[in-house]
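In UniProt numbering, the protein residues as written are 1 to 160.
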């Protein structure tokens with residue numbers, strides 16, 4: 001399923017890829033959602049950004065048509081068995097939905113399914129593209145944004 005929503009005061013950087021502050025502009029963010037229905041009765045979901053080069057449904061059909069078992073003894077190396085042009089960001093949508101199913105099926109969080117190296121991770125807000133288009137154009141603006149991010153997101157902020 002495809003969906004979209006507007007992002008106010010957002011555009012892309014000079015390279016046309018990264019999202020950046022762009023006063024007065026409204027960007028339409030296009031995404032798709034994938035649902036996997038299982039014979040166990042679970043419905044598992046993944047939401048992803050728009051994929052380059054065509055419609056998400058065509059891309060996902062191609063991925064599923066090309067799906068192949070992992071090489072024996074190397075379950076985490078399945079992408080290496082395919083040529084680079086067949087590896088894609090779209091695989092993540094399928095993987096996320098399947099991890100969602102596995103977590104529900106085993107009644108366990110993903111970190112437990114992966115071996116629980118950690119139960120908590122540090123996260124931080126980034127201002128990597130914040131100075132584009134004058135968004136964070138002074139030390140005071142960065143400081144104000146860091147305080148607002150700490151309130152919204154927790155203790156960590158990483159100004160760049």
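Each residue gets a CB set at the ideal place from its N, CA and C atoms; glycine is no exception.
### Task
Please determine, among 111, 114, 20 and 8, the residue with the shortest C-alpha to C-alpha distance to residue 28.
Taking the first residue of the chain shown as 1, we reach residue 28 at position 28. Measuring C-alpha to C-alpha distances from residue 28 to each of 111, 114, 20 and 8 identifies 8 as the nearest.
### Task
Less than 8 Å between the CB atoms is what I'm expecting for residue 34 and residue 94, so what's the real figure, rounded?
Position 34 of the chain shown, counted from the start, is the residue given in the question as residue 34. Position 94 of the chain shown, counted from the start, is the residue given in the question as residue 94. Yes, residue 34 and residue 94 are in contact; Cβ-Cβ is about 7 Å, under 8 Å.
### Query
Any idea what DSSP makes of residue 105, helix, strand or coil?
Translated into the one-based positions of the chain shown, residue 105 becomes position 105. Helix.
### Query
For residue 6, which option in 25, 13 and 18 has the closest C-alpha, if you only look at C-alpha atoms?
Counting from one through the chain shown, the residue named residue 6 turns up at place 6. Nearest Cα to residue 6 within the set 25, 13 and 18: 25.
### Task
Name, in chain order, the residues that DSSP records as bridge partners for residue 29.
In the chain shown, the residue the question calls residue 29 occupies position 29. In the DSSP output, where bridge partners are listed per residue, residue 29 has 5.
#### Entry: Pairwise C-alpha distance: residue 37 and residue 99
On the chain shown, residue 99 is found 99 positions in, with the first residue counted as 1. On the chain shown, residue 37 is found 37 positions in, with the first residue counted as 1. C-alpha separation (whole angstroms): 13 Å.
### Query
Taking C-alpha atoms, which residue in 101, 122, 150 and 1 lies nearest to residue 32?
Here residue 32 refers to the residue found at position 32 of the chain shown. Comparing Cα-Cα distances from residue 32 to each of 101, 122, 150 and 1, the minimum goes to 1.
### Task
Look at residue 30 and residue 4 and say whether their C-beta atoms are less than 8 Å apart.
Within the chain shown, numbered from 1, the residue matching residue 30 stands at position 30. Within the chain shown, numbered from 1, the residue matching residue 4 stands at position 4. Pairing residue 30 with residue 4 gives a Cβ-Cβ distance under 8 Å.
### Message
From the DSSP secondary-structure annotation, give me the bridge partner or partners of residue 12.
### Response
By 1-based counting over the chain shown, the position of residue 12 is 12. For residue 12, DSSP records a beta bridge to 19.
#### Entry: Neighbour-count burial assignment, residue 97, 16 or more Cβ in a 10 Å radius
Your numbering for residue 97 matches position 97 in the chain shown. Residue environment analysis places residue 97 among the buried positions, since at least 16 neighbouring C-beta atoms fall within 10 angstroms of its C-beta.
### Message
If contacts are defined as beta-carbon pairs under 8 Å, then residue 113 and residue 106 qualify, I think. What distance do you get, rounded to the angstrom?
### Response
Mapped onto the chain shown, residue 113 falls at position 113. Mapped onto the chain shown, residue 106 falls at position 106. Beta-carbon to beta-carbon, residue 113 and residue 106 are separated by about 7 Å, close enough to satisfy the 8 Å threshold.
### Query
Looking only at C-alpha atoms, which of 119, 39, 121 and 135 sits nearest to residue 10?
Translated into the one-based positions of the chain shown, residue 10 becomes position 10. The option with the nearest alpha carbon to residue 10 is 135.
### Message
Please classify residue 149 as buried or exposed, where buried requires at least 16 neighbouring CB atoms within 10 angstroms.
### Response
In the chain shown, residue 149 corresponds to position 149, counting from 1. Buried, by the Cβ-count rule.
### Alpha carbon of residue 16 to alpha carbon of residue 40, nearest angstrom
For the purposes of this step, residue 16 is taken as residue 16 along the chain shown, with counting starting at 1. For the purposes of this step, residue 40 is taken as residue 40 along the chain shown, with counting starting at 1. C-alpha separation (whole angstroms): 43 Å.
### Query
Where does residue 135 sit, in a helix, a strand or coil, going by DSSP?
Taking the chain shown and counting its residues from 1, one reaches residue 135 at position 135. Reduced to three states, the DSSP call for residue 135 is coil.
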